[in-house]
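Colleague: One structure follows; several queries about it will come next.
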Amino acid sequence: MSTTALDGIGLLVTGSPEYRDGSPLGEITDAALVVDEDGRVAWVGSSRQAPAADFHVGAAGRCVVPGFVDSHSHLVFAGDRAAEFDARMAGRRYEAGGIRTTVAATRAATDAELAANLARLVAEMRRQGTTTIEIKSGYGLTVRDEARSLAIARQFTEETTYLGAHVVPEGSDPDEYVALVTGAMLEAAAPYARWIDVFCERGAFDEDQARTVLAAGAATGLRGRLHANQLGPGPGVRLAAELGLVAVDHCTYLDDTDVAALADSGTVATLLPGVEFSTRQPYPDARRLLDAGVRVAIASDCNPGSSYTSSMPLCVALAVREMRMTPAEATYAATAGGAAALDRADVGRLAPGSRADLVLLEAPSHVHLAYRPGVPLVAATWLSGRP
Ligand SMILES: [Zn+2]
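So this is what it looks like as structure tokens:
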């Protein structure tokens, strides 16, 4: 049984209200952090007051932030869509149907191939400071392929999401497909999933279909989340608020009613700026949401079609530059915000009791995440107190 002290931290971002110092992040300068034998934070505070510990690691004046919580990704797939991206950058518009290309490649891949691609992407995320990852299915769209996608995702994270309702597969009748998603496919997927999600968008699933899918998921104990209002205005955000879902993701096209509904319900609006970057769509207005009192998270939406970045630091930089967030707001949204979007109290902050999931930045401040975009600032990522 041993404890480890990380000391010599130039600036510690706790993300925790009890350490508020006027900044929304709860920052402590010249700080130390002690990890207990269970990989939990035992103590944070000024270096000078740090309690004794069995081992010491020096942070050499670096900034330490909570590990990023990426609450939205689609990492179980095969193939890539570089040609589609290339064409889109040459002027073609993004449409939801491109998903079907990845579906064909994913169905044709072996379990080992899917797991190897997933492991590669998770390693990429770890190197960039992400410590909690939500992973969705949604490129199988058959009973067998959705279930195995989730079983593979479960090897990497507890935060798995059944997204059989991603798109109606080629040649399927929409009503028959919804019956499958809420029937045999749900039954096969549920043992490996914590969440259920629907792409509620023109070209994917409408409001009634989304209600049906979410209700069926709830009946098997899966909690709901939604992809909504990405490609245009729609009913998804209001539906998420009405149902009291933990989070609704994209939120690019919102009217005043949508914003008010989010503020009232407490549903987290998860913004995915990698998508707008990669599709040349207008960015969501985070400033409007924050000013209305809406809880905001940032996530990567890492997927081979609309956002093939695994980088939370890039998403933070985009949120600041393109979505009118302050650096502190963006860092908070990528850590504590992501934790709220997954209804997790043990990650996304560094305070006694939370998991010692953290990032040492090769920088004196978290501001550098946005100030130095594209620069590999992550010096080390710790999971449960271990590098
Ligand atoms: Zn997505």
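Using the working numbering, you'd call the opening residue of the sequence shown number 1136 and step up by one each time.
We put the beta carbon where it would ideally sit given N, CA and C, even for glycine.
Treat the numbers as computed from the prediction; the structure is a model and nothing was measured.
Got a sec? Which residues, its chain only, sit under 6 Å from residue 1476 by beta carbon, not counting five neighbours each side?
Modeller: Taken in chain order, the residues that qualify are 1206, 1382, 1403, 1405, 1432.
Colleague: Starting from the Cα of residue 1188, find the closest Cα among 1195, 1197, 1172 and give me that residue.
Modeller: Residue 1188 has its Cα closest to that of 1172, out of 1195, 1197, 1172.
Colleague: Just how far apart, CA to CA, sit residue 1393 and residue 1339?
Modeller: Residue 1393 and residue 1339: Cα-Cα distance of roughly 20 Å.
Colleague: In chain order, what are the residue ranges of uninterrupted alpha helix (DSSP H) at least 4 long that sit wholly in the stretch 1412-1458?
Modeller: For the stretch 1412-1458, whole alpha helix (DSSP H) runs of length 4 or above, ordered along the chain, are 1421-1426, 1447-1457.
Colleague: According to DSSP, is residue 1274 helix, strand or coil?
Modeller: Three-state result, residue 1274: coil.
Colleague: With residue 1315 as the anchor, note down where its alpha helix (DSSP H) starts and where it stops.
Modeller: Counting along the chain, the alpha helix (DSSP H) containing residue 1315 begins and ends at 1309-1316.
Colleague: Kindly examine ligand 1 and report whether one of its heavy atoms sits closer than 7 Å to the Cβ of residue 1436.
Modeller: The answer is yes for residue 1436.
Colleague: Report yes or no: do three or more beta-carbon pairs, one from the stretch 1417-1432 and one from the stretch 1373-1381, lie closer than 8 Å?
Modeller: Result no; under three Cβ-Cβ pairs closer than 8 Å.
Colleague: Once DSSP output is grouped into helix, strand and coil, what is the label at residue 1212?
Modeller: Three-state DSSP puts residue 1212 in coil, outside helix and strand.
Colleague: So what does residue 1201 bridge to, in DSSP terms?
Modeller: BP columns for residue 1201 point to 1493.
Colleague: Based on the DSSP secondary-structure assignment, which residues constitute the bridge partners of residue 1295?
Modeller: According to DSSP, which records beta bridges pairwise, residue 1295 is partnered with 1270.
Colleague: Got a sec? Which residues, its chain only, sit under 7 Å from residue 1263 by beta carbon, not counting five neighbours each side?
Modeller: 1445, 1446, 1447, 1448, 1513, listed in sequence order.
Colleague: Could you check where the alpha helix (DSSP H) with residue 1485 kicks off and where it finishes?
Modeller: Unbroken run through residue 1485: none, as it is neither H nor E.
Colleague: Leaving out five residues on either side along the sequence, give the residues of the same chain with a beta carbon under 6 Å from the beta carbon of residue 1276.
Modeller: Cβ neighbours of residue 1276 beyond the five flanking positions: 1238, 1304.
Colleague: Assess contact between the stretch 1177-1184 and the stretch 1254-1270, defined as three or more Cβ pairs (one per stretch) separated by less than 8 Å. Is contact present?
Modeller: They do not touch, by the three-pair rule.
Colleague: Relative to the C-alpha of residue 1246, which candidate in 1376, 1440, 1283, 1240 has its C-alpha closest?
Modeller: It is 1283 whose Cα lies nearest to the Cα of residue 1246.
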